[in-house]
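Novice: There's a structure below that I have some questions on.
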Amino acid sequence: MSKVMKTMDGNEAAAYASYAFTEVAGIFPITPSSPMAEKTDDWAANGKKNLFGQTVKVVEMQSEGGAAGTVHGSLAAGALTTTYTASQGLLLMIPNMYKISGELLPGVFHVTARALAAQALSIFGDHSDVMACRQTGFAMLVSNSVQEVMDLGCVAHLSAIKGKVPFLHFFDGFRTSHEIQKIECVDYDELAKIIDMDAVNAFKRNALNPEHPVIRGTAQNPDIYFQAREAANKFYDALPAVVEEYLGEINRITGRDYKLFNYYGAPDADRVIVAMGSACEAIEETIDYLVAKGEKVGLVKVHLFRPFVAEKLLEAIPKTVKKIAVLDRTKEPGSQGEPLYMDVCTAMFEAEQAPVVVGGRYGLGSKDVTPAQFIAVYANLTQDKPKNHFTIGIVDDVTGHSLEVGKEISVTEGDGTISCKFWGLGADGTVGANKNSIKIIGDHTDMYAQAYFSYDSKKSGGITQSHLRFGKKPIRSTYLVKTAHLVACHKQEYVYLYDMVTELNDGGTFLLNTNWTPAELDEKLPANLKRQLAEKNAKFYIIDGTAIAAEIGLGNRINTVLQSAFFKLANIIPIEQAIDYMKSAIKKSYGRKGDTILNMNYAAVDKGVEGLVKVEIPADWANAVDTEVAQTRKTTDFVKNVVQPMNAQEGDKLPVSAFSGREDGTFPCGTAAYEKRGVAVDVPEWIPENCIQCNQCSYVCPHATIRPVLVTEEELAKAPEAFKAVAAKGAGFGELKFRVQVSPLDCMGCGSCAVVCPAPNKALVMQPLASQEIEIANWDFAIDEVAPKANPMNKASVKGSQFEQPLLEFSGACAGCGETPYAKLVTQLFGDRMYVANATGCSSIWGGSAPSMPYTVNKDGRGPAWANSLFEDNAEFGLGMATAVKQMREGIKDRLETLKSIDASFAGVVDEWIATMKDGEKSRAASDALVAALKAYSGTDAEAKNIIAHVLENQDQLVKKSQWIFGGDGWAYDIGYGGLDHVLASGEDVNVLVFDTEVYSNTGGQSSKATPVGAVAQFAASGKRIKKKDLGMMAMSYGYVYVAQVAMGADKNQVVKAFMEAEQYDGPSLIIAYSPCINHGMKGGMSGAQNEIKRAVEAGYWHMFRFNPTLKEEGKNPFTLDSKEPTASFKEFLLSEVRYSSLKRTFPEEAEALFAESERNAKERLESYKRLANQ
8 MSKVMKTMDG NEAAAYASYA FTEVAGIFPI TPSSPMAEKT DDWAANGKKN LFGQTVKVVE
68 MQSEGGAAGT VHGSLAAGAL TTTYTASQGL LLMIPNMYKI SGELLPGVFH VTARALAAQA
128 LSIFGDHSDV MACRQTGFAM LVSNSVQEVM DLGCVAHLSA IKGKVPFLHF FDGFRTSHEI
188 QKIECVDYDE LAKIIDMDAV NAFKRNALNP EHPVIRGTAQ NPDIYFQARE AANKFYDALP
248 AVVEEYLGEI NRITGRDYKL FNYYGAPDAD RVIVAMGSAC EAIEETIDYL VAKGEKVGLV
308 KVHLFRPFVA EKLLEAIPKT VKKIAVLDRT KEPGSQGEPL YMDVCTAMFE AEQAPVVVGG
368 RYGLGSKDVT PAQFIAVYAN LTQDKPKNHF TIGIVDDVTG HSLEVGKEIS VTEGDGTISC
428 KFWGLGADGT VGANKNSIKI IGDHTDMYAQ AYFSYDSKKS GGITQSHLRF GKKPIRSTYL
488 VKTAHLVACH KQEYVYLYDM VTELNDGGTF LLNTNWTPAE LDEKLPANLK RQLAEKNAKF
548 YIIDGTAIAA EIGLGNRINT VLQSAFFKLA NIIPIEQAID YMKSAIKKSY GRKGDTILNM
608 NYAAVDKGVE GLVKVEIPAD WANAVDTEVA QTRKTTDFVK NVVQPMNAQE GDKLPVSAFS
668 GREDGTFPCG TAAYEKRGVA VDVPEWIPEN CIQCNQCSYV CPHATIRPVL VTEEELAKAP
728 EAFKAVAAKG AGFGELKFRV QVSPLDCMGC GSCAVVCPAP NKALVMQPLA SQEIEIANWD
788 FAIDEVAPKA NPMNKASVKG SQFEQPLLEF SGACAGCGET PYAKLVTQLF GDRMYVANAT
848 GCSSIWGGSA PSMPYTVNKD GRGPAWANSL FEDNAEFGLG MATAVKQMRE GIKDRLETLK
908 SIDASFAGVV DEWIATMKDG EKSRAASDAL VAALKAYSGT DAEAKNIIAH VLENQDQLVK
968 KSQWIFGGDG WAYDIGYGGL DHVLASGEDV NVLVFDTEVY SNTGGQSSKA TPVGAVAQFA
1028 ASGKRIKKKD LGMMAMSYGY VYVAQVAMGA DKNQVVKAFM EAEQYDGPSL IIAYSPCINH
1088 GMKGGMSGAQ NEIKRAVEAG YWHMFRFNPT LKEEGKNPFT LDSKEPTASF KEFLLSEVRY
1148 SSLKRTFPEE AEALFAESER NAKERLESYK RLANQ
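Take 8 as the starting number for the sequence shown in my numbering and just add one per residue.
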C-alpha cells in the first residue's frame, strides 16, 4: 500500500490515532491539548467513522475532574474511552486515574505535557504534569516527534486493550503538539487487522451490566487491601511484552524501528544522553554533527517510561559507554534528582561496571533547547568529575548549577534545509497564513516541511513569531529558527523594537511590510538594521500590505497579502501554482464565512504578488551610525533590568539573579505603562470644538488609553504647544480646563471610542498612528506634570467615574475587548482599596502576564492587590482572602475596644472607626483620624503601648477593603461553579464579576454552559443544543445574594449603579457582564463591541436587571428589570455574528430550528424576569 503523507501538527496526529479506537471521549478544554478534542468533535460532527463503524461520542464536561469521572464511568460500562488534557487539568484527573488503573480499564489519556503553575502559571511545555502521574498505575508512553505521536498513539490504544492497563500517552506541549510536520498516516484498515478484538469483547463482557451484574468500587479493610492491591502485578509484568508486540506491528506497517528504548549514535560511543520528548530530535541532529567530527556520542530515547524496564534500557546502551547524562524536563525541589535520572540510576545498580551517571534539567516552560546546549552536555561528560544536577539553557549565577553553553551553531548546514522566520502581530493572520503555507508546501511538493509558532501572552496585538523550515530530508530541528534564509517583518514598528536581521543568513531575503516609500527608508530605518542588511548583502523587499488589506476590505488582516508575497520571494513552487493552492486553501479556511470574505482573500492573493517592491541597498548603509535615544520618562531598576529585556525578546538571556528577591513570583504593579508598543494602525484624534465632554470615550476604552484631563491655567502655561484645552463644562469645575488625551503608543486602535462618541459631529476621528506622534509628549505631560484633581463630580456616574484614575491600564487584551472596560471601571470606583482574586482565563492573562502588569497604583501608592490561584478554585481563593482580612480586622477591633477601656480619650476615634469599618468611603477618614490619635499617644500604660504598636503595624488593614472575584463564564458557569455557589451561599461580603463571553475565550472559543442554543463553538461544531444556564436566576434563589446582569453598551448608567450597589451591599454579590469577544466573529469587528452589546439588548438576546436584597428589607420589590421590551430582530442579531451565521451555511436545516429555539429561550427568560419585576 502506498504511503499517505499529510501535513499536520502533533495534536491532529494524536486525534487521528485515538479516533480509530475511541467510542466515547470525555473532555474539557485546556491549552495546549484542546485541538485534539476539537478535531475529534469536528470529525464526529461530519460523520467520520472509527474502527467500529461509529462516530465518536464527545462529551464536554464542566472540568477535567468531571471529564475523568465520565471517562471512568464510560469505561466501567464497557465503552473504549479517551480523554485529552494537560497540566492542571491532568492533576485534577489523578484521583480517577488511580481508580481506572486499579480496575484494569483500558482507557487512554493523550497529554500535551505542560508546565504546572508554581511561582507563576505557564501554559508552555515541560514534563511537570505527567511526572506527577507516574505513581497512578497508568502505563506511560512518550512520543518524541509528530510522526511518533501518530504511531505510538496507536500503540497506546492497542496495548491498553490487550494489556488491560490504562495508558497515558504524552508528548511535548506546543513543541510537538503545535509543530506542523509532513508525516505518514497509519491506515485505519491496517489498524483494524491488528486490534485484539477478543480483548475488546472480553472487556465489554466484563463491564458493568444489570444483565450480568457485579459490584465494583467496594471499601476494603486492612485484612485484604494490601493483597488485593498486589494481585494486579502480573498485568504490569506482562505489559512491556505487549507494548513490544505492537511496536513490532507498527514497525511492520510503517517500516520504522520502534523499541522501548531506541539507541541513536556512534556504535562505540563513550558518552550518551538519556532523554525523552521532542529534545531527542535535536539531540540526534547534534549527534550527527559531532560524530562527523570524530566524537563518540549517542542518545537513548525513552518510549515506555512506565513500566520502566531496566534490562531493556541496559540493552540499548552500548557496552563502550563510560558516562551518561540523563536529561529531565521537570523539576522536583528537595529530591535527590529528577524522575528519569533516578530511574536510570536505579537501573545501573543492576549493571556490571556501571557508567558514571549525572542528571540535568532543561527546557522548563518551553525554554528553547538547542544543539549548543547538547554539545555542552557532551562536553561536561568529558570531565573527570562531570557536574551533576546541572541545568542547561539558562545562566544560574545564584546556585551555580548551569553548564556554560557556547555560541549557537547550525548543525544542519549544507543539507538543503530552507529556514524562514516571520514576525507578526497577534490577530493579523500571520500565523494562520504560515500554517497554510507550510501545508501547501508539504502537501503539494516532495519536500518535508516543519512549522512552529511562538507567541507572547497578549490576547491579540502581541508579537507572534513563525518558524518555517522545508527541505528534501526529514526535519528534526525541534528548536526555534536561529539562522534564516528569509526574515519577514509584518509590523513596521518592529524595526525599532526588535533585532530581527541578526538571524538572517548572508545573502538572505528581508521583507518589510511598511507604508514607507523606498525613498523614505534611509531616514526611517534604524542604523543597526541598515548596517546588517548591507553587511549581509541581503535582498531587501517592501510591500504595503496594510494599505492593500484595507483597500480590499480586510481591515488589519494582512495575512493573505503577505503569504502571497512570501511565495513569490521564496520561489519554492511556481508562483502560478502557489496562487492556485492558496486560493484553494482560502476556500477551505474561510468557506463558511461567505462569498464576500472569500473574494476579498482571493484579491489579496493577487495583490500580494503585485505589491512587492525591491529595494537597492545603498553602500553607505554599511557605515550607518546609531543615534542616542533620549530616555523621556523615569524608570525603575526592575523595568530596566527585567521588563525591557523581556519586551525586546531578550528574556532568555536574563540570569537567575535577575529574580533574586522575587523568588515567589511577585511582580511590581504598573509595568505595562513602560511598553509603549505603538501597534495600532490608526488612533483617535480629539477635535475639541466638537466635544460635548461626556467622557463616554474614556468609559468604554478597553485599554485606558484615552482619558479626560482637568488642568489649571498655571499647568496649561507649562504644557507643550499642541496641548490644547477648553473650558470644563458643568457645575463644580470652576476655572478648570478640560482635554481628552490619547496615548498613541499604548492605543490598540480598536476605534471603540470613536464609535460610541455621541457628539453630533464626532469629536474623535481615527487617524494614522504616524500623524499623531505629537500626542506622545502631550500624554507624558498629562500623566507626569498635571496634578491629580479632586473629582468635581460624583464618581458614581458615567462622566464622574472617568475623572478617577483607572488602575487597570494598557493590558494585553484584544483591541476592542468586551471584558476590560468593566474591570477598569471597578478599579476607578474602588481600586485604591480592592483585592482581586482572578480565575485563570482571558482576564488573568491580560491581567497578569509577565512582564506587563496592567494593574497599577495611584499617587499614594495604593491600588488593586491582584492574584491568581487556579481556574477551578477562584471563588474559594477570593473567599480565603476576604476571610483573612475580616479576621485580621476583627482582631484590630477587639484590641481597640480594649484600648478604649484602658484610656477613655480614645473613645471618639475608636467608636468612629468601628462605626464605619464596613463603609468603604467613610472608613478612610476614620482610619486616618485613628492613626493620628494613636501616634500622638504619650501615656505610659504598657498594654496600651502594645495595642497601639500592633494596630500601627497593621494599619494597612484599617480601611475597609473591597473583595472582588473576577473570572469568565468558563469558570463561573462550569469548572468553578460549585465553589462559586458555596461562596455565594456563605453570606460573606465578596463581589463577583463574571465576564460572560459565552465561550471559553482563553482556550480558543469552546462552548460553556453560558453558550446559547444555536451558537457554533468548539465542541459544538453543529450548533449548541442545550440552553444557556441562567446563573443570575440560580443565585437569586438564595434571596440574600445581590445579583445584576449588565450590558455596558446598552446602559452605561446601569453598570455604574450595579457596581456601586453590589459593593455597598454587606453580603455576597454577583454581577454578570455581557462581554463581546473576538471569538464571536462580529461582522463589524471589535470596534463595534459596545454597539453589539446595545444590539443584543435591543433584540432581547441579553437582559439587564438588578436584584438587591436590601430593598426587600425595606419592604420593596428587590428585583428591577432594567431592560426595555425588545425592539429589534432576534434572528438578524444572530446572523450578524459568525458564530451563528456559519451554522446556517454548514447545517442550514438545523440552523433554522436552533435559532427559533434560542429565541424562545430568550423570551422565556424575559417573561420570568417580568414576573419577578411585577411581584
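Note that the Cβ used here is the ideal one computed from N, Cα and C, for glycine as well.
Distance, Cα to Cα, A631 vs F312?
Specialist: If you number the sequence shown from 1, residue 631 lands on position 624. If you number the sequence shown from 1, residue 312 lands on position 305. Approximately 56 Å, taken between the alpha carbons.
Novice: Among I790, S808, E692, whose alpha-carbon lies nearest the alpha-carbon of C760?
Specialist: To locate residue 760, count along the sequence shown from 1; it is residue 753. Residue E692 is the option with its Cα nearest to C760.
Novice: Compare the beta carbon distance of I416 and R476 with 8 Å and say whether it is the shorter of the two.
Specialist: Residue numbering aside, residue 416 sits at position 409 when the sequence shown is read from its first letter. Residue numbering aside, residue 476 sits at position 469 when the sequence shown is read from its first letter. No; because the gap between Cβ atoms is not below 8 Å, this pair is not in contact.
Novice: What do you get for T406, buried or exposed, if any count of 16 or more other CB atoms within 10 angstroms of its CB means buried?
Specialist: As a first step, residue 406 is located in the sequence shown; it is residue number 399 there, counting from the start. Exposed, since its Cβ has fewer than 16 Cβ neighbours within 10 Å.
Novice: Could you tell me which of D839, E883, A857 sits nearest to K866, measuring between CA atoms?
Specialist: Stepping through the sequence shown from its first residue, residue 866 is reached at position 859. The candidate whose alpha carbon is nearest that of K866 is D839.
Novice: Looking at the structure shown, is Y486 part of a helix, part of a strand, or coil, going by DSSP?
Specialist: Along the sequence shown, one-based indexing puts residue 486 at 479. Coil, per DSSP.
Novice: Who pairs with G974 in a beta bridge, going by DSSP?
Specialist: Here residue 974 is taken as the residue at index 967 of the sequence shown, counted from 1. Paired residue(s): V1001.
Novice: Quick one: complete alpha helix (DSSP H) runs, 4+ long, within the stretch 270-309?
Specialist: The qualifying runs are 286-298.
Novice: Hey, F788 and E682 are a contact pair by Cβ (cut 8 Å); roughly how many whole angstroms apart?
Specialist: Position 781 of the sequence shown, counted from the start, is the residue given in the question as residue 788. Position 675 of the sequence shown, counted from the start, is the residue given in the question as residue 682. With a Cβ gap of about 19 Å, F788 and E682 do not count as contacting.
Novice: Between which two residues does the alpha helix (DSSP H) carrying N512 extend?
Specialist: On the sequence shown, position 505 is the one that residue 512 refers to. That residue, N512, is in no alpha helix (DSSP H); its beta strand (DSSP E) goes 511-520.
Novice: Using the Cα positions of I290 and R1172, report the straight-line distance between them to the nearest angstrom.
Specialist: As a first step, residue 290 must be located in the sequence shown, where it is residue number 283. As a first step, residue 1172 must be located in the sequence shown, where it is residue number 1165. I290 and R1172: Cα-Cα distance of roughly 60 Å.
Novice: Classify Q227: buried if its beta carbon has 16 or more other beta carbons within 10 angstroms, exposed otherwise.
Specialist: Numbered from 1 along the sequence shown, position 220 holds the residue referred to as residue 227. The residue is exposed, with fewer than 16 neighbouring Cβ atoms inside 10 Å.
Novice: Need the endpoints of the beta strand (DSSP E) that R313 sits in, please.
Specialist: Counting from one through the sequence shown, the residue named residue 313 turns up at place 306. Per DSSP, R313 belongs to the beta strand (DSSP E) from 311-313.
Novice: List in chain order: all unbroken alpha helix (DSSP H) runs of 4+ residues lying wholly within the stretch 776-864.
Specialist: Here the runs fully enclosed are 781-791, 805-808, 827-837, 849-855.
Novice: From the DSSP output, which residues share a beta bridge with V66?
Specialist: Position 59 of the sequence shown, counting from 1, holds the residue named residue 66. V66 pairs with G33.
Novice: Using the C-alpha atoms, what's the distance from S285 back to R182?
Specialist: One-based indexing of the sequence shown puts residue 182 at position 175. One-based indexing of the sequence shown puts residue 285 at position 278. Going from the Cα of R182 to the Cα of S285 covers about 7 Å.
Novice: Would you decide whether F356 is buried or exposed? Buried here means 16 or more other CB atoms lie within 10 Å of its CB.
Specialist: By 1-based counting over the sequence shown, the position of residue 356 is 349. With fewer than 16 Cβ atoms within 10 Å of its Cβ, F356 is classed as exposed.
Novice: Taking the alpha-carbon positions, what's the N697 to V690 distance?
Specialist: Here residue 697 refers to the residue found at position 690 when the sequence shown is read from its first residue. Here residue 690 refers to the residue found at position 683 when the sequence shown is read from its first residue. Approximately 17 Å, taken between the alpha carbons.
Novice: Could you have a look at V363 and say whether DSSP puts it in helix, strand or coil?
Specialist: Taking the sequence shown and counting its residues from 1, the one referred to as residue 363 is at position 356. DSSP places V363 in strand when its eight states are reduced to three.
Novice: Identify every run of the alpha helix (DSSP H) within the stretch 406-487, keeping only runs that are complete inside it and at least 4 residues long; order them along the chain.
Specialist: Listed in chain order, the complete alpha helix (DSSP H) runs (minimum 4 residues) inside the stretch 406-487 are 437-451.
Novice: Mind checking whether P314 and A146 have CB atoms under 8 Å apart?
Specialist: The residue given as residue 314 occupies position 307 in the sequence shown. The residue given as residue 146 occupies position 139 in the sequence shown. Yes, Cβ-Cβ distance for P314 and A146 is below 8 Å.
Novice: Taking buried to mean at least 16 other C-beta atoms within 10 Å of its own C-beta, is Y7 buried or exposed?
Specialist: No answer is possible for residue 7: it lies beyond the span of the chain, which begins at 8 and ends at 1182.
Novice: From the DSSP output, in three-state form, read off P715 for me.
Specialist: Here residue 715 corresponds to residue number 708 of the sequence shown, with the count starting at 1. In this structure, P715 counts as strand in the three-state DSSP scheme.
Novice: Let me confirm a value: S908 is counted as buried when at least 16 other C-beta atoms fall within 10 Å, else exposed. Which label applies?
Specialist: Here residue 908 refers to the residue found at position 901 of the sequence shown. Exposed, since its Cβ has fewer than 16 Cβ neighbours within 10 Å.
Novice: What do you get for G868, buried or exposed, if any count of 16 or more other CB atoms within 10 angstroms of its CB means buried?
Specialist: Residue mapping note: residue 868 aligns to position 861 of the sequence shown, counting from 1. With fewer than 16 other Cβ atoms within 10 Å, it is exposed.
Novice: Check whether the stretch 917-933 and the stretch 1011-1031 touch, using three or more Cβ-Cβ pairs below 8 Å as the test.
Specialist: Cβ pair count under 8 Å is below three, so no.
Novice: Can you tell me where the alpha helix (DSSP H) holding Q894 begins and where it ends?
Specialist: Taking the first residue of the sequence shown as position 1, residue 894 is located at position 887. From DSSP, the alpha helix (DSSP H) with Q894 extends over 881-909.
Novice: Based on the DSSP output, what are the partners of V494 in its beta bridges?
Specialist: Position 487 of the sequence shown, counted from the start, is the residue given in the question as residue 494. Beta-bridge pairing links V494 to K428, F517.
Novice: Would G33 and S70 be called neighbours here (beta carbons separated by less than 8 Å)?
Specialist: To locate residue 33, count along the sequence shown from 1; it is residue 26. To locate residue 70, count along the sequence shown from 1; it is residue 63. Not in contact: G33 and S70 (Cβ atoms no closer than 8 Å).
Novice: Comparing C-alpha positions only, which one of V149, I107, T452 sits nearest to H176?
Specialist: Numbered from its first residue, the sequence shown carries residue 176 at position 169. Comparing Cα positions, the closest option is V149.
Novice: Under the three-state reduction of DSSP, which class applies to H5: helix, strand or coil?
Specialist: The question about residue 5 has no answer here: the residues shown for the chain are numbered 8 through 1182.
Novice: Indicate the three-state DSSP secondary structure (helix, strand or coil) for E186 in the structure shown.
Specialist: For the purposes of this step, residue 186 is identified with residue 179 of the sequence shown, where counting begins at 1. In this structure, E186 counts as coil in the three-state DSSP scheme.
Novice: Excluding the five sequence neighbours on either side, which residues of its own chain have a C-beta within less than 6 Å of the C-beta of A282, listed in chain order?
Specialist: As a working note, residue 282 is residue 275 in the sequence shown. Within the same chain, A282 has close Cβ partners L334.
Novice: If distances are taken between C-alpha atoms only, which option among L540, P533, N648 comes closest to L518?
Specialist: On the sequence shown, position 511 is the one that residue 518 refers to. Of the listed residues, the one whose Cα sits closest to L518 is L540.
Novice: For D435, does the count of other Cβ atoms within 10 angstroms reach 16, so buried, or fall short, so exposed?
Specialist: Looking up residue 435 in the sequence shown gives position 428. Under this definition D435 is a buried residue.
Novice: Let me know the secondary structure DSSP gives L5 once reduced to three states.
Specialist: Residue 5 falls outside the range modelled here, since the chain spans only 8 to 1182, and no answer is possible.
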